[in-house]
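Single-structure report; data block below.
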Ligand code: HEM
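Numbering (mature numbering (1 follows the signal peptide of the UniProt record, and there is no 0)), first residue to last: -24 to -1, 1 to 304.
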């Protein structure tokens, strides 16, 4: 009896250690060195080709990567299509404005031709976001590889995991802390809003009926409010507005200048002035754009590495999808 008992415990421990080994495998540089040596070069080349034709997709890929990582970790779940029985992340309200799915599918199929069934969609998205930003904009961060693709994608999980544009500073801090980020990461990653565009619907609550009395948000500078009202008429949900009014095509620190001057487009941007630590970062980078650029790029790289490794599936968890929009 005692033998059987020990035997069972021993077997359980062995099983647990195998299980644990599989789960603790880590991302690494050059993960595809032996299995698909050209993977990183293909993604880089394809990204450069895409960005040369459609430069605005750099912002779209960066946002897509963020939305992937904050919901179920960076597992490519944002790329899955809905099925008859499941409404996927892609079809949740905040993700309806994501762009660039077709380009990601094309990069994946180019990689698949070279190395079928080897490189995950999650890794391709992480590389693509990095390469798109570094190709045109100069900011660069190292990307460790070995992410595997998730098999689950639920629309119902999105709102609870992504910060909303009307979040105040406490809600933002709580949202980022829940993913392991510091307050500094929050202000640094918000700097991604230095490129790209937004639909009027994401901020029009600030323009026409902020407190239900037909007013606008006093946190917005009045000329900027007037400008936004010209761009977004009442009930206009579909028009696009540049998020960084000075240079929305350039990845720089002028986002912080906009925020410091009460021209942060979303409540979440303006809210960075409501906390001592985030305000100090904003004002420092607003005041010294040239000197600040280097420090911003360095900070951004550190926070992006952290973001790109949230909750990854490694080892034998998940799968390597053949097509990014469907599980195998
Ligand atoms: C701090 C919390 C954040 C909130 C509340 C937020 C919210 C939003 C919203 C509402 C839009 C516009 C969507 C639309 O109407 O089309 C947007 C765009 C964008 N966001 Fe964020 N975001 C946040 C953080 C981030 C982070 C961490 C990144 C990347 C690291 C990011 C990258 C972008 C980019 C690049 C765009 C422009 C996309 C395009 O041009 O298609 N955002 N964000």
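A virtual CB, placed ideally from N, CA and C, is assigned to each residue, including glycine.
Selected residue, minimal CA-CA separation from residue i, among the options
i: residue 251; options: 207, 160, 241 and 190; result: 160
i: residue 30; options: 164, 109 and 100; result: 109
i: residue 162; options: 175, 303 and 145; result: 145
i: residue 88; options: 302, 298, 304 and 303; result: 298
i: residue 180; options: 150, 257 and 217; result: 217
i: residue 5; options: 133, 122 and 215; result: 122
i: residue 177; options: 141, 167, 193 and 203; result: 141
i: residue 96; options: 118, 126, 113 and 143; result: 126
i: residue 282; options: 37, 93, 117 and 71; result: 117
i: residue 115; options: 131, 227 and 221; result: 227
i: residue 38; options: 166, 137 and 128; result: 166
i: residue 224; options: 104, 171, 202 and 133; result: 171
i: residue 235; options: 196, 279 and 129; result: 196
i: residue 253; options: 211, 130, 158 and 188; result: 158
i: residue 90; options: 13, 71, 131 and 43; result: 13
i: residue 103; options: 15, 258, 213 and 202; result: 15
i: residue 80; options: 129, 26, 45 and 133; result: 26
i: residue 221; options: 271, 255 and 199; result: 199
i: residue 262; options: 237, 275, 278 and 242; result: 237
i: residue 300; options: 58, 17 and 10; result: 58
i: residue 248; options: 17, 147 and 64; result: 147
i: residue 239; options: 22, 24, 201 and 53; result: 201
i: residue 295; options: 10, 205, 56 and 274; result: 56
i: residue 70; options: 61, 47, 78 and 92; result: 47
i: residue 61; options: 128, 120 and 28; result: 128
i: residue 131; options: 143, 42, 219 and 53; result: 53
i: residue 206; options: 271, 184 and 8; result: 184
i: residue 120; options: 293, 304 and 288; result: 288
i: residue 105; options: 94, 86 and 77; result: 77
i: residue 50; options: 291, 303 and 286; result: 286
i: residue 35; options: 75, 210 and 204; result: 75
i: residue 268; options: 33, 246, 231 and 150; result: 231
i: residue 277; options: 290, 164, 64 and 213; result: 164
Residue i: CB within 8 Å of a non-hydrogen atom of the ligand HEM
i: residue 166; result: yes
i: residue 143; result: yes
i: residue 41; result: yes
i: residue 139; result: yes
i: residue 174; result: yes
i: residue 242; result: yes
i: residue 283; result: yes
i: residue 152; result: yes
i: residue 171; result: yes
i: residue 260; result: no
i: residue 219; result: yes
i: residue 36; result: yes
i: residue 183; result: no
i: residue 205; result: no
i: residue 70; result: yes
i: residue 74; result: yes
i: residue 162; result: yes
i: residue 177; result: yes
i: residue 148; result: yes
i: residue 32; result: yes
i: residue 3; result: no
i: residue 216; result: yes
Opposing strand residues paired with residue i [DSSP bridges]
i: residue 4; result: 121
i: residue 88; result: None; residue 88 has no bridge partner.
i: residue 289; result: 124
i: residue 16; result: DSSP output for residue 16 lists no bridge partner at all.
i: residue 295; result: 125
i: residue 174; result: 217
i: residue 302; result: 299
Any non-hydrogen atom of the ligand MN closer than 8 Å to residue i Cβ
i: residue 211; result: The ligand MN is not among the ligands present in this structure, which contains only the ligand HEM.
What alpha helix (DSSP H) runs, 4 residues minimum, are completely inside the region 116 to 157? Entirely contained in the region 116 to 157, the alpha helix (DSSP H) runs reaching 4 residues are, in chain order, 134 to 137 and 145 to 153.
Counting only runs of 3+ residues fully inside the region 197 to 264, write out the beta strand (DSSP E) ranges in chain order. For the region 197 to 264, whole beta strand (DSSP E) runs of length 3 or above, ordered along the chain, are 216 to 218.
Which runs of the alpha helix (DSSP H) spanning at least 4 residues fall entirely within the region 42 to 121, listed in chain order? 77 to 90 and 97 to 113, all fully within the region 42 to 121.
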